[in-house]
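Below: one structure, written as structure tokens.
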Amino acid sequence: MSAAGQQQHAPAQWTEPPWSGWIETTGDALLILEAARQGLIPRVTRRLVDAERRMITSGSVFVFDEDESHIKRWTDGFFWSPSRILGNFLLYRETEKRGAGHRAARADDADDAALSRPRADGAPGIDRQRERTLMGSLTNSYKFKPDGLMKKTFSVTIGGVAQHLISYYKIADVETGRLRPPSSLPELAALDISPEYLDKTHFRNPPKVEVGADGIPRYRGEADD
1 MSAAGQQQHA
11 PAQWTEPPWS
21 GWIETTGDAL
31 LILEAARQGL
41 IPRVTRRLVD
51 AERRMITSGS
61 VFVFDEDESH
71 IKRWTDGFFW
81 SPSRILGNFL
91 LYRETEKRGA
101 GHRAARADDA
111 DDAALSRPRA
121 DGAPGIDRQR
131 ERTLMGSLTN
141 SYKFKPDGLM
151 KKTFSVTIGG
161 VAQHLISYYK
171 IADVETGRLR
181 PPSSLPELAA
191 LDISPEYLDK
201 THFRNPPKVE
211 VGADGIPRYR
221 GEADD
């Protein structure tokens, strides 16, 4: 990310994601959307081509709005489980590629992911609450890819325009601290989230918002903190 005040524009061809890290909370997602709104990180303004999808790895975070990008459905070339709701996010877990006996499908057709026999493959050493934060309920019901990615998405509609955040991570990279949330980085944590992002009607689980003496609402934590 650039220094504050420098506008970041989408490159002609993407070679690295707009931002890299871990989106843990609603506040983290809003910080990234705010940084994109201020031009501190670039938004994706068109669909990624196949060569650009190779940059999608653990830590990759992308932001786009539907009007600017004309993207109605994000595609990334991976196979995913059906989505699961976790707070204000949707979670997906990477699955094994389906065999020739299955109908051909795009990797982003998450709802078509094939069921497999249950297996317990939750990461060892993670308590249940932490496991839920990282994987939601996607722990043992599908044929997940070993050491595969998680995908975590967040959407909000401002002024009739849908804005989306798409993030990818490996559980081990979060647990070891290789991926850090924006709220832990001073240059992002210091951003004032625009009041339009904090309207409680945007959220399934509205975060805690405090209105200061100046009349400006500010994010103060997750709903269940």
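Note that the UniProt record's numbering has the sequence shown beginning at 1, numbered continuously upward. Idealized CB from N, CA, C, for every residue including glycine.
Worksheet entry | Ala36 beta carbon less than 8 Å from that of Leu191 | As a working mapping, residue 191 is identified with position 191 in the sequence shown. As a working mapping, residue 36 is identified with position 36 in the sequence shown. No, these two residues do not count as a Cβ contact at 8 Å.
Discussion item. Looking only at its chain, what residues have a beta carbon closer than 8 Å to the beta carbon of Val209, apart from the 5 residues adjacent to it on each side?
Written reply: Walking along the sequence shown from the start, residue 209 turns up at place 209. Result list for Val209: Leu198, Lys200, Pro217, Arg218, Tyr219, Arg220, in chain order.
Practice prompt. Could you tell me which uninterrupted beta strand (DSSP E) segments, each at least 3 residues in length, are contained entirely in the segment 70–97, listed from first to last along the chain?
Written response: Entirely contained in the segment 70–97, the beta strand (DSSP E) runs reaching 3 residues are, in chain order, 84–86, 89–93.
Worksheet entry | Backbone secondary structure at Leu198 - three-state DSSP | Translated into positions along the sequence shown, residue 198 becomes position 198. Shown here, Leu198 sits in a helix according to DSSP, grouped into three states.
Discussion item. If I measure Cβ to Cβ from Glu16 and keep anything under 6 Å in the same chain, skipping five residues before and after, which residues do I get?
Written reply: Start at 1 with the first residue of the sequence shown, and residue 16 comes out as number 16. Excluding positions up to five away in sequence, the list reads Met55.
Discussion item. In whole angstroms, give me the CA-to-CA distance for Tyr169 and Ser184.
Written reply: Start at 1 with the first residue of the sequence shown, and residue 169 comes out as number 169. Start at 1 with the first residue of the sequence shown, and residue 184 comes out as number 184. Here the alpha carbons of Ser184 and Tyr169 stand approximately 17 Å from one another.
Worksheet entry | For Glu24, the nearest candidate out of Asp67, Glu131, Pro18 (CA to CA) | Start at 1 with the first residue of the sequence shown, and residue 24 comes out as number 24. Residue Glu131 is the option with its Cα nearest to Glu24.
Worksheet item: Taking Ala29 as the reference, which of Val161, Trp14, Leu90, Gly159 has the closest Cα?
Response: Within the sequence shown, numbered from 1, the residue matching residue 29 stands at position 29. Answer by Cα proximity: Leu90.
Fill in: Sequence-distant residues of its chain with Cβ nearer than 6 Å to Glu68 (five each side left out)
Along the sequence shown, read from residue 1 onward, the residue named residue 68 stands at position 68. So the qualifying residues of the chain are Thr45.
Practice prompt. Might you give, ordered along the chain, the residues of its own chain that have their beta carbon closer than 8 Å to the beta carbon of residue 254, omitting 5 neighbours on each side?
Written response: Not covered by the structure: residue 254. The range shown for the chain is 1 to 225.
Worksheet item: Given Lys167, which residues of its chain have a CB within under 6 Å of its CB, disregarding the five upstream and five downstream residues?
Response: What you label residue 167 is simply residue 167 of the sequence shown in a count that begins at 1. Checking the sequence shown, residue 167 turns out to be Ser, not Lys. Same-chain partners within the cutoff: Ile23, Val61, Lys152.
Discussion item. Arg93 and Phe144 - do their beta-carbons sit closer together than 8 Å?
Written reply: Residue mapping note: residue 144 aligns to position 144 of the sequence shown, counting from 1. Residue mapping note: residue 93 aligns to position 93 of the sequence shown, counting from 1. If you check the CB distance, Phe144 and Arg93 come in under 8 Å.
Worksheet item: Roughly how many angstroms separate the alpha carbons of Arg73 and Leu48, rounded to a whole number?
Response: Against the sequence shown, residue 73 aligns to sequence position 73. Against the sequence shown, residue 48 aligns to sequence position 48. Looking at the two C-alpha atoms, the distance is approximately 12 Å.
Worksheet item: Nearest to Met150 by CA position, among Ala189, Gln13, Thr57, is which residue?
Response: As a first step, residue 150 must be located in the sequence shown, where it is residue number 150. Selected option, being the one with the closest Cα: Thr57.
Practice prompt. Determine the DSSP secondary structure at Ala162, reduced to helix, strand or coil.
Written response: Counting from 1 along the sequence shown, the entry for residue 162 is found at position 162. In the structure shown, the three-state DSSP call for Ala162 is strand.
Worksheet item: Which word fits Gly215, buried or exposed, when buried means at least 16 other C-beta atoms lie within 10 angstroms of its C-beta?
Response: Here residue 215 refers to the residue found at position 215 when the sequence shown is read from its first residue. Exposed, because fewer than 16 other Cβ atoms sit within 10 Å of the Cβ of Gly215.
Item to complete: Report the rounded CA-to-CA distance for Val211 versus Leu188, giving the unit in angstroms.
Response: Position 211 of the sequence shown, counted from the first residue, corresponds to residue 211. Position 188 of the sequence shown, counted from the first residue, corresponds to residue 188. Cα to Cα, Val211 sits roughly 21 Å from Leu188.
Fill in: Contacting residues, own chain, Cβ-Cβ under 6 Å from Glu96 (five flanking each side not counted)
For the purposes of this step, residue 96 is taken as residue 96 along the sequence shown, with counting starting at 1. Within the same chain, Glu96 has close Cβ partners Lys143, Lys145.
Practice prompt. Could you tell me if Asp224 is buried or exposed, where buried requires 16 or more neighbouring beta carbons within 10 angstroms of its beta carbon?
Written response: Within the sequence shown, the letter at position 224 stands for residue 224. Exposed, because fewer than 16 other Cβ atoms sit within 10 Å of the Cβ of Asp224.
Practice prompt. In angstroms with no decimal places, state the Cα-to-Cα distance between Gly122 and Ser81.
Written response: In the sequence shown, the residue the question calls residue 122 occupies position 122. In the sequence shown, the residue the question calls residue 81 occupies position 81. Note that Gly122 scores 46 on pLDDT, short of 50, meaning its location in the model is unreliable and no value can be drawn from it.
Worksheet entry | Run of the alpha helix (DSSP H) containing Pro186, from where it starts to where it stops | For the purposes of this step, residue 186 is taken as residue 186 along the sequence shown, with counting starting at 1. Per DSSP, Pro186 belongs to the alpha helix (DSSP H) from 186–189.
Worksheet entry | Ile193 vs Leu31 beta-carbon contact at 8 Å | Counting from 1 along the sequence shown, the entry for residue 193 is found at position 193. Counting from 1 along the sequence shown, the entry for residue 31 is found at position 31. A contact, by the Cβ cut-off of 8 Å.
Worksheet item: Near Ser83, which residues of its chain fall below 7 Å by C-beta distance, leaving aside the five closest residues on each side in sequence?
Response: By 1-based counting over the sequence shown, the position of residue 83 is 83. Its chain contains Leu90, Leu91, Tyr92, Ala110 as the residues whose beta carbon lies nearer than 7 Å to that of Ser83, once the 5 sequence neighbours on both sides are disregarded; these appear in chain order.
Worksheet item: What residues are listed by DSSP as bridge partners for Ala203?
Response: Numbered from its first residue, the sequence shown carries residue 203 at position 203. Residue 203 is actually Phe in this sequence, not Ala. Phe203 is bridged by DSSP to nothing; it lacks a bridge partner.
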